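Visitor: Please find one structure pasted underneath; my questions will follow.
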Amino acid sequence: MKYMGSKRYMLNNGLGMLIKKRIIDYNRFVDLFCGAGYVSYFVAENFSLPVLASDLQVYATTLTGAVIERTSVVNTDKLESVWINIAEGALKKSELYKRAKLVESRNVNKIEILVKKSRLLCGSTKSNIGPIWKAYGGHYFSPTQALAIDYLIKNIPSKSKVERTLCLAALVDAASKCVASPGHTAQPFQPTHGAKKFLYQSWQLDLFQETKEALKKLSQLKAQRRGRVVTCAAEDLIGQLSSRDLIFIDPPYSGVQYSRFYHVLETIARKQCGLVEGVGRYPSLVERPQSAYSNKSTSGEVLKNLMEKIARKKASVIFTFPNKECSNGLSGKTIKEIVKTWFHIEEECIHGYFSTLGGNNKKDNRPYRQKSEELLLFLKPR
Ligand SMILES: C[S@@+](CC[C@H](N)C(=O)[O-])C[C@H]1O[C@@H](n2cnc3c(N)ncnc32)[C@H](O)[C@@H]1O
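Read in the working numbering, the sequence shown has 380 at position 357, and its numbers run on one by one without any break.
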């Protein structure tokens with residue numbers, strides 16, 4: 024999936040090599056800010072040691088846990104029939120589905136009217152199935168897509184935790200692909216001259232098909248050793264660390280909260296949502312985890328505290344951060360100043376890459392590509 028600050032590209036560009044070189048000296052890999060989980064997946068799949076991963080957000084630990092907490096591949100034929108096909112069957116029998124289909128089929132090629140009527144339908148009718156219809160139908164998703172997500176959430180098999188997490192992760196992944204927004208979910212596409220074709224393209228995607236594909240893809244990934252995820256602040260895991268741990272630190276660099284960019288995925292993972300507001304359809308702050316790392320006035324202090332506590336545990340660290348000054352007030356230079364008090368910088372390099380998220384190309388609303396540099400450090404406690 025597309026994720027702001029994902030290190031997927033970097034695993035083939037320096038980070039993967041550094042992990043491979045250093046990991047043999049440790050008993051466990053700890054991904055404190057796991058995000059979409061790519062680094063945790065890489066370690067869990069390729070090395071015979073457990074991964075412990077944390078993030079403030081439930082969708083992040085769901086995506087990560089779906090792979091690192093499982094040591095065998097899953098046959099998805101049964102899951103497709105007991106979950107996706109059942110959800111699809113129930114959806115198609117529902118009254119709301121018929122009304123949604125009617126709105127969508129009558130307004131093909133009239134996107135402004137389609138959007139207006141979809142918002143009216145989802146806003147004025149009550150669904151007891153799930154939170155997506157009311158919160159995001161007609162905005163981030165077409166009415167039928169919103170209802171499909173609600174039916175998929177409601178029908179997730181509940182017996183086995185492994186299957187539950189895998190299904191929910193597949194749904195988060197599929198929803199992130201279908202969502203009508205430019206890469207993240209801070210704001211949906213509007214039916215403007217430039218953006219309406221992208222909105223329409225997203226609304227045409229088949230949620231059930233995308234979920235089947237995401238399920239197949241995720242089910243084939245597995246850990247060599249069973250790991251664990253925890254939804255919490257990185258600071259809260261420090262008590263569990265030791266000198267046998269290799270810690271990966273990839274903290275937020277944006278002065279805007281991740282929970283503002285990804286509330287749609289968070290709602291799906293939490294399976295609930297209160298009232299939403301604004302063009303972005305944001306749930307209340309209570310439902311959007313707030314990070315001190317995304318606040319310019321606290322980011323430096325909270326990072327200092329974290330690094331001091333990790334050094335006291337005598338754990339080693341791989342740290343990545345954009346080299347330039349970022350909107351949360353930190354930069355490659357300030358990171359080095361902070362860590363030097365408690366760590367020796369044993370390796371330091373800078374890798375160039377293209378960032379595909381973080382803003383819009385004004386002309387067509389698609390994510391644009393920007394050249395950036397990432398600092399990569401290996402740190403040993405003093
Ligand atoms: C740069 S992203 C990590 C990307 C990830 N390495 C990947 O490749 O997908 C930073 C992550 O830190 C999480 N986060 C923010 N504050 C946190 C905190 N105090 N503790 C743990 N995670 C936090 C955010 O939710 C976000 O997912």
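Ideal placement from N, C-alpha and C gives every residue a C-beta, glycine not left out. These figures come from a predicted structure and were not determined experimentally.
#1: Given a cut-off of 7 Å on the beta-carbon distance, is the pair Gly303 and Ala209 in contact?
#2: Starting from the C-beta of Leu398, find all residues in its chain whose C-beta is less than 6 Å away, skip the five residues before and the five after it, and write them out in chain order.
#3: Does the beta-carbon distance from Leu119 to Asn130 come in below 7 Å?
#4: Looking at the unbroken beta strand (DSSP E) that takes in Ile341, where does it start and where does it end?
#5: Comparing alpha-carbon positions, which option in Phe221, Asn108, Leu125 lies nearest Ile176?
#6: Taking the beta strand (DSSP E) that Ala76 falls in, what are its first and last residues?
#7: Closest to Ile47 by CA distance: which of Pro73, Asn35, Met33 is it?
#8: Who does His374 pair with in a DSSP beta bridge?
#9: Of the residues Phe56, Gly278, Leu38, which one's Cα is nearest the Cα of Ala257?
#10: Provide the residue span of the alpha helix (DSSP H) that contains Val287, from first to last.
#11: At the level of alpha carbons, what is the spacing between Asn388 and Leu222?
#12: Between Ala203 and Ser225, which are expected to be in contact by the criterion C-beta below 8 Å, what is the C-beta distance as a whole number of angstroms?
#13: If you draw a straight line from the alpha carbon of Asn383 to that of Asp229, how long is it in whole angstroms?
#14: Which of the three DSSP states, helix, strand or coil, is assigned to Leu402?
#15: Beta-carbon within less than 7 Å of Ser242's beta-carbon, same chain only, minus the 5 sequence neighbours each way: which residues are those?
#16: Could you check how far apart the C-beta atoms of Ile480 and Lys219 are, in whole angstroms? I think they sit under 8 Å.
#17: Do the CB positions of Glu111 and Phe231 come within less than 7 Å of each other?
Guide: Taking the structure as given:
#1: Counting from one through the sequence shown, the residue named residue 303 turns up at place 280. Counting from one through the sequence shown, the residue named residue 209 turns up at place 186. Yes, the Cβ-Cβ distance between Gly303 and Ala209 is below 7 Å.
#2: Mapped onto the sequence shown, residue 398 falls at position 375. So the qualifying residues of the chain are Phe344, Asn346, Gly355, Ile373.
#3: Working through the sequence shown from its first residue, we reach residue 119 at position 96. Working through the sequence shown from its first residue, we reach residue 130 at position 107. Against a cut-off of 7 Å, the Cβ pair of Asn130 and Leu119 comes out as no contact.
#4: In the sequence shown, counting from the first residue as 1, residue 341 sits at position 318. Ile341 -> beta strand (DSSP E) spans 339 to 345.
#5: Against the sequence shown, residue 176 aligns to sequence position 153. Ile176 has its Cα closest to that of Asn108, out of Phe221, Asn108, Leu125.
#6: Residue mapping note: residue 76 aligns to position 53 of the sequence shown, counting from 1. First-last of the beta strand (DSSP E) with Ala76: 74 to 78.
#7: Your numbering for residue 47 matches position 24 in the sequence shown. Checking every option, the nearest Cα to that of Ile47 belongs to Pro73.
#8: Against the sequence shown, residue 374 aligns to sequence position 351. Glu397, per the DSSP bridge assignment.
#9: Indexing the sequence shown from 1 puts residue 257 at position 234. Per the Cα distances, Phe56.
#10: Translated into positions along the sequence shown, residue 287 becomes position 264. 286 to 293 is the span of the alpha helix (DSSP H), which, as asked, contains Val287.
#11: In the sequence shown, counting from the first residue as 1, residue 388 sits at position 365. In the sequence shown, counting from the first residue as 1, residue 222 sits at position 199. Because Asn388 carries a pLDDT of 49, less than 50, the predicted location of this residue cannot be relied on, and no value is offered for it.
#12: Counting from one through the sequence shown, the residue named residue 203 turns up at place 180. Counting from one through the sequence shown, the residue named residue 225 turns up at place 202. Going by Cβ atoms, the distance from Ala203 to Ser225 rounds to 4 Å, so yes, they are a contact pair.
#13: Reading the sequence shown from its first residue, position 360 is the one you call residue 383. Reading the sequence shown from its first residue, position 206 is the one you call residue 229. Bear in mind that a pLDDT of 44 at Asn383, under 50, signals an unreliable position, so the model cannot answer this.
#14: Locating residue 402 in the sequence shown gives position 379, counting from the first residue. Strand at Leu402.
#15: Walking along the sequence shown from the start, residue 242 turns up at place 219. Hits under 7 Å: Val96, Val97, Thr99, Leu189.
#16: With the chain covering 24 to 405 only, the question about residue 480 has no answer from this structure.
#17: As a working mapping, residue 111 is identified with position 88 in the sequence shown. As a working mapping, residue 231 is identified with position 208 in the sequence shown. The answer is yes: Cβ separation under 7 Å.
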